[in-house]
Structure formats: structure tokens, C-alpha cells
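Residue numbers 28 to 378, in this note's numbering, belong to the letters of the sequence shown in order.
By construction, the Cβ of each residue, glycine as well, lies at the ideal position given by its N, Cα and C atoms.
Before any comments, here is the structure.
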Amino acid sequence: MERRDFLKKSAAAGAALITQPQQVLGQLHDPNPKYRPVVISSANGLAATARAMELIQSGSDALDACIAGVNIVEDDPEDITVGLGGLPNEDGVVELDSCVMHGPTCRGAGVASLQNIKNPSKVAKVIMERTDHVLLVGQGALKFARMHGFEEMNLLTDRSRNEWLKWKENLSKEDDWLPPHTMEDKDIGDLLRGYARTYGTINCNGLDKDGNLSGVTTTSGLFFKIPGRVGDSPILGAGLFVDNAVGAAGSTGRGEANLLNCSSVMIVEYMRQGKSPEQACLLACQRIVDHTKEARLLNDDKKPKFDVKFYAINKRGDFGGAAIWSGMKFALNTGEPASVLKEGAYLFKRN
Ligand code: GLY
């Protein structure tokens, strides 16, 4: 079947699925399930998935394991898209977003625009466990983290501060910021080089030995964002969704597209219908493509200029990833000491 035909048929069936959950659940029901632990993440999660699997193998719950995995990346100042050393907002202030979902208890929570705390994923878990709320933001979230003993620190490293300065100094020849230049340079504007802003993040989802699913997404968000901008990563249903009976899915890439399309919950619903994780991720990509209408977001071929990447697992331990554009990879661990990078599916091949 041609991919477009498959996508059309899947989308039609997807509409039916949401109204008939019991029928669909039956497709994944196995009277003698044998759970095969699996952990999947974005490509920056090789160490994270290995750590999460190590914990799962020793009996850990999938959420604790996945959070411990992404903490490695949050703590790493060399990953400039997550936690400590994440790129700041346009004022040079690091604002972090994260959410967690725990399949067996159907609980979850997020934290957004959190400053000074390097592990927003841990804060999200405490919000889930110790409040009746599902989302805390900004100063209230920081106050909550302080109350729970999280250590405050300056998250802006020399590297992320220098990247921010480079962006600021190259923004416009009309402002007063100058990139490095020599005394002889007459028009500093000629030296300006645009900074390719992007949306790095880590999403990590796991199936543990008890057959329970959980996930976490954590990020510093869009590079040099407007202060207070919140992406998909702290929003349940957009940057992450888990249904313990069906599967777990999460995302990296343009958060605005996922917020407008509730992509992660849609992937889980496509899997509930019986789609494989990869098929479900492709359907979410196609949904974004179909819903992207603004000319400023489209290239000459009327395809999105941006990318969004998805990572999914189901209750059987099947896994898959897909993106709008080719070149997507994901990190995977199915029980080995070392994780591997796998090629994901895609809708459009890059030139
Ligand atoms: N997906 C990360 C963000 O848009 O902030």
C-alpha cells in the first residue's frame, strides 16, 4: 500500500477509534502477557536509556527509571537543550519545562518556565505526588521546588551564555550589539550570521518488568524564546502521553505544532486502534502536515519548514519513532548493557 493511502486509511480509522475504546483495547489484550522491558528516547538519550534499563532490570518502576535516565542529560552541561547549560530565553535566563506520566496510577504532572533548578523532571514528579495539581509554572513552581529542598543554582554556563551572546549580537544591524570584528570593518552588519534556532529536548518512555508504562519529557525549550514561552514538553497530551493499557509516546521538535495537534495523546490513541508505534508516529506527523496552513511555516513545496520527532512504545514492548523529515534517529534499549541508535521513519526525504 502506498504511504499516502495508508495514512488516509489510518486517519479515517483513527476517528472511529476514539469513540470505541473497549473494542480497540481488546486488540492489545493478551491473556498471558510476557513483558519485555524496553526503553526508548530521543537520540540524545543513549546514556539515559541504558541507565533506565539497568534500573528496570533491577526491579525499578518505569517512571523512576526514566527520570533517573534523563537526569543524566539534565545534569550534563554539554547538552545545551536540557537542564544545566540549556540555552536561555531572549533575556539570557534559562527556563526549563518538563512533565512526567505514571501509567499504573494514571497520574501525571508538569512544570513550566522553571528557573534555577536543574532537574525539572524531578520537580514534576513531586508535583504529581505531593499536590492536587497537574501543572505549576514560573515563580510558583520555583517556590514549590524550594519548599521541597531542591537546590538552586545558576543554570547558565559559559557555553550557553556565549551562544546567547552570539545570537544577540547577530540579530540585527540596526541595534547596538556588535559581533566580534576588527577595527577595519566598516559595516559590521555584513558580518551578521543568522543563528539557526531549534528545539532540543529529551523524551524517554519505558515499559518495566511488571508491564507498566511511564514516560518523561524535559527541555530548556526553544533557543532564545520570548520569556514565559511554554512549549509542548510540560503539557500532558502534547509532549508526552501514557496510557498503561496501550502505550507511551513523546516528542521533540517544534512544540507549537504538538500543542496545536495534541500529538502524543493522538499517537497513543492510534496505537489503541492497533497501529504499530511507528505507524502511529507517522500518523501524528501527517496530522501536523495537514494542519500547517500558514505560509511562513511552509517551504516552496508547501511542506513544513520545521521538524517534529516522535518516540513510542506499546504494551507489548514494540517500539518505533518517526519524524516529518528524514534523518531522524532514536535511542533504544531492549535489555542490553549498551543502548543503540535506530533510524526512524519519516514522511519527506530531505534534499
Ligand atoms: N519540544 C520542545 C519545545 O518546543 O519546547
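Checklist entry - Where V346 and L359 are concerned, what is the direct C-alpha to C-alpha distance, given to the nearest angstrom? => result It should be pointed out that residue 346 corresponds to Phe in this sequence rather than to Val. Distance between the alpha carbons of F346 and L359 is about 9 angstroms.
Checklist entry - Tell me which same chain residues have a C-beta within less than 7 angstroms of the C-beta of L287, skipping the five on either side of it? => result H318
Checklist entry - Where DSSP assigns a beta bridge to P331, which residues make up the other side? => result L325
Checklist entry - Near W191, which residues of its chain fall below 6 angstroms by C-beta distance, leaving aside the five closest residues on each side in sequence? => result P115 and G119
Item to check | Collapsed DSSP secondary structure at C231 in the structure displayed | outcome: strand
Next on the checklist: If contacts are defined as beta-carbon pairs under 8 angstroms, then G255 and L249 qualify, I think. What distance do you get, rounded to the angstrom?
Outcome noted: Wrong, their Cβ atoms sit about 12 angstroms apart, outside the cutoff.
Next on the checklist: Below 7 angstroms, is the gap between the Cβ of G266 and the nearest heavy atom of the ligand GLY?
Outcome noted: yes
Checklist entry - Which residue spans inside the segment 218 to 295 form an unbroken alpha helix (DSSP H) run of at least 4? => result 282 to 288
Item to check | Environment of G264 [buried if 16+ CB atoms lie within 10 Å] | outcome: buried
Checklist entry - Which whole-angstrom value describes the C-beta separation of L182 and K145, a residue pair presumed to lie in contact below a C-beta threshold of 8 angstroms? => result 6 angstroms
Next on the checklist: Under DSSP, the beta strand (DSSP E) around M128 begins and ends at which residues?
Outcome noted: L123 to H129
Checklist entry - When you compare each of Q306, E321 and R78 to G371 by their alpha carbons, which one comes out closest? => result Q306
Checklist entry - Any idea if R281 is buried or exposed, counting beta-carbon neighbours within 10 angstroms, 16 or more meaning buried? => result buried
Item to check | Buried versus exposed call for S291 [16 or more other C-beta atoms within 10 Å across all chains shown] | outcome: buried
Checklist entry - With 16 as the cutoff for other CB atoms within 10 Å, does K342 come out buried or exposed? => result buried
Checklist entry - With distances taken from CA atoms, which of C312, T158, N285 and I107 is nearest S187? => result I107
Checklist entry - If you compare alpha carbons, which of T279, I253, T246 and G301 is closest to V273? => result G301
Checklist entry - Which runs of the beta strand (DSSP E) spanning at least 3 residues fall entirely within the segment 127 to 171, listed in chain order? => result 134 to 141 and 162 to 164
Next on the checklist: Which residue marks the beginning of the beta strand (DSSP E) containing A372, and which one marks its end?
Outcome noted: A372 to F375
Checklist entry - CB-CB under 8 angstroms to F375, same chain, minus the five flanking residues each way: which ones, in chain order? => result K330, I351, W352 and S353
Checklist entry - Does DSSP put V109 in a helix, a strand or coil? => result coil
Next on the checklist: Suppose the cutoff is 8 angstroms on Cβ atoms and the five residues either side in sequence are ignored; what does the same chain contact list for T132 look like?
Outcome noted: none
Checklist entry - Secondary structure at G347, three-state DSSP: helix, strand or coil? => result strand
Checklist entry - Are the C-beta atoms of M80 and some chain B residue less than 8 angstroms apart? => result In the structure shown, chain B does not exist; there is a single protein chain.
Item to check | the ligand GLY heavy atom lying under 7 angstroms from the CB of G258 | outcome: yes
Checklist entry - Among S148, T244 and L82, which residue has its Cα nearest to the Cα of P364? => result L82
Checklist entry - Is it right to say S125 is buried, meaning 16 or more other beta carbons lie within 10 angstroms of its own, or is it exposed? => result buried
Checklist entry - What are the partner residues of S68, as DSSP defines its beta bridges? => result C231 and A358
Checklist entry - Cβ-heavy atom distance between Y222 and the ligand GLY below 7 angstroms? => result no
Checklist entry - Among I215, G238 and S241, which one has its Cα closest to the Cα of E196? => result I215
Item to check | One or two residues paired with K369 in a DSSP bridge | outcome: F357
Item to check | Under 8 angstroms between C-beta atoms of G135 and N271 | outcome: no
Item to check | 7 angstroms Cβ shell around P304 - same chain, five flanking residues per side excluded | outcome: G274, M298, A339, I340, N341, D345, F346 and G347
Next on the checklist: Is the separation between the beta-carbon of T225 and that of S260 shorter than 8 angstroms?
Outcome noted: no
Next on the checklist: Quick check: does the Cβ of D334 come within less than 7 angstroms of any heavy atom belonging to the ligand GLY?
Outcome noted: no
Next on the checklist: Excluding the 5 residues flanking Q84 on each side, which residues of the same chain have their C-beta closer than 8 angstroms to its C-beta?
Outcome noted: P64, K236 and G362
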